[in-house]
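Encoded as structure tokens, the structure appears first; notes follow it.
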Amino acid sequence: PSPEVMAASSPDEVFTYIKSCSYPNNKAKNLVKMAQKLVTDFNSQVPSDIDTLLTIPGVGRKTANVMLAVAFDKPAMPVDTHVFRVANRIGLTNNSKTPLETERELVKHIPRDLLSKAHHWLILHGRYICVARKPKCEICGLRPWCKYYEKNSLPPQ
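Each residue of the sequence shown is one higher than the one before, starting from 3 at the first, in the numbering used here.
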């Protein structure tokens with residue numbers, strides 16, 4: 003629906019469409035508030051800068067960065083659990099403690115024109131190879147450079 007239609011909807015109405023999502027109650031409320039803010043403050047247009055995006059209900063830093071990278075093709079580094087884990091494990095960050103620290107370090111070291119692609123590469127690597135519990139180091143092409151592998155691999159027998 004358009005922002006105007008969503009803004010005029012009730013959270014209960016939106017809930018019926020998104021109930022299979024995680025946290026549908028919160029998302030339904032935020033979607034309605036988000037649409038209302040877009041209509042009221044931004045002439046139904048999604049803003050294209052991070053500071054303004056962060057004023058929208060339900061939009062955090064990761065979502066704002068995804069919007070910048072995907073919808074507006076701007077250089078941005080969204081940090082989710084996969085990006086955070088992989089960046090720390092392979093040594094792209096200096097043991098960062100928060101997603102914001104991770105984002106800042108990655109943005110410093112990855113060329114701007116590759117940020118969006120790097121974000122997707124890190125996510126995919128984290129989903130399928132560098133998984134949380136039992137990383138598949140034996141098939142990882144980054145092993146020669148990986149700090150996690152260096153620290154956790156067993157010495158040859």
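Built from N, CA and C at the ideal position, the CB exists for glycine as well.
None of these values were measured; they are calculated from a predicted model.
Can you list, in chain order, the residues of its chain whose CB lies under 8 Å from that of residue i, leaving out five sequence neighbours each side?
i, result
"L40", "P5, A9, S46, Q47, V48 and I58"
"F17", "P26, N27 and A30"
"W147", "I92 and G93"
"D14", "A30"
"S12", "V34"
"R87", "G128, C132 and A134"
Using the Cα positions of residue i and residue j, report the straight-line distance between them to the nearest angstrom.
i, j, result
"F44", "A66", "16 Å"
"P101", "I92", "16 Å"
"M79", "S98", "15 Å"
"D51", "K64", "13 Å"
"I20", "P3", "13 Å"
"T42", "E107", "36 Å"
In chain order, what residues of the same chain lie with their CB nearer than 6 Å to the CB of residue i, ignoring the 5 residues before and after it?
i, result
"S118", "A71"
"C142", "I131"
"K35", "P59"
"V68", "P80"
"V61", "L55"
"R135", "none"
"A120", "I112"
Does residue i come out as helix, strand or coil in the three-state DSSP assignment?
i, result
"D75", "coil"
"S118", "helix"
"T95", "coil"
"K31", "helix"
"I58", "coil"
"A66", "helix"
"P26", "helix"
"Q47", "coil"
"A10", "coil"
How far does the alpha helix (DSSP H) with residue i in it reach, from first residue to last?
i, result
"T54", "I52 to L55"
"A89", "T83 to I92"
"Y150", "K149 to N154"
"Y19", "P13 to I20"
"L144", "Run containing L144: none; DSSP gives neither H nor E here."
"P3", "P3 -> no alpha helix (DSSP H), and no H or E assigned at all."
"V109", "P101 to H111"
"R135", "Unbroken run through R135: none, as it is neither H nor E."
Within the same chain, show all residues whose beta-carbon is closer than 7 Å to that of residue i, passing over the 5 residues directly before and after it, in chain order.
i, result
"R114", "P77"
"R145", "C139 and Y151"
"K149", "R91, I92 and G93"
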